[in-house]
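2 protein chains.
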Amino acid sequence: MVIEHPEPIRAANHASYNEEKMGKSTLFESSRVLVGLNAFEAGQEHKLHAHAGMDKIYQVIEGNGVLLREDGEDELEEGMTVVVPEGVPHGIRNPGDGRLLVLAILAPGPSAA
Amino acid sequence: MVIEHPEPIRAANHASYNEEKMGKSTLFESSRVLVGLNAFEAGQEHKLHAHAGMDKIYQVIEGNGVLLREDGEDELEEGMTVVVPEGVPHGIRNPGDGRLLVLAILAPGPSAA
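Here the protein sequences line up with chains A and B, keeping their order.
Going letter by letter, the first sequence gives residues 1409 to 1521 in my numbering.
Going letter by letter, the second sequence gives residues 1409 to 1521 in my numbering.
Structure (structure tokens):
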């Protein structure tokens, strides 16, 4: 589905859920930024990882989950925002019964590396 | 209110509404990205403008409004996402009776210019 930026979209219409593992889709990519979606079926997880030189922003679009940090976990509810500065370990788990969809923005875009 | 990133936050708790003009607040800033909030009281507008060399992402946190484009307008509803590639004119108007809060992400951050 091609998006004619800057048209307003419902991110959920562009989600790519995958029974095998967390699904990814891309809304926009440039050298400056990657705007994507991470789609978690119940029980799926994106384990703890870090991005050198890239800041990340998560925005929970639908569902609830858990933010994984190096030293603990936080509840992640629909509508919440998370800023992950470069180099800081982070991950997401969907322990619930329903789906979890998260907007994931990386700056700069990985293609700039 | 200091945010200990990467703690999950409710962006609305960090909004800065201003009776005089659109209110701005900053959630995070680096050379790579600026994560801020644009808070519109009823009737307020951020008129058409563009950012050379910076991509922008809007995420509507609460309320409804109108996305201004060079050649028209689009409805902007709670939960919607907009990607504005660098150089593309854009703005936001809150024509409604209620407040409108929009997460506004710029990459790279203006401080990198």
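A virtual CB, placed ideally from N, CA and C, is assigned to each residue, including glycine.
In the displayed model, residue 1413(A) falls within coil according to three-state DSSP, outside both helix and strand.
Taking the Cα of residue 1446(B) as reference, the smallest distance to any Cα among 1440(B), 1438(B), 1420(B) and 1437(B) is reached at 1420(B). Here residue 1433(A) has 1422, 1423, 1424, 1444, 1445 and 1447 as same chain residues with Cβ atoms under 8 Å from its own Cβ, once five neighbours each way along the sequence are excluded. With the criterion set as a beta carbon lying under 7 Å from some beta carbon of chain A, the members of the segment 1419 to 1449 of chain B are 1419, 1435, 1436, 1438, 1440, 1441 and 1443, in sequence order. A residue is called buried when at least 16 other Cβ atoms come within 10 angstroms of its Cβ; residue 1460(B) does not meet this threshold and is exposed. When secondary structure is reduced to three states using DSSP, residue 1446(B) falls in the strand class.
Taking the C-beta atoms as reference points, residue 1456(A) is found no nearer than 8 Å to residue 1475(A). Taking a Cβ-Cβ cut-off of 8 Å, residue 1518(B) has no neighbours in chain A, whose nearest Cβ is about 12 Å from it. When beta bridges are read from the DSSP output, residue 1481(B) appears opposite 1476(B).
DSSP places residue 1515(A) within a strand segment (E or B) once states are collapsed to three.
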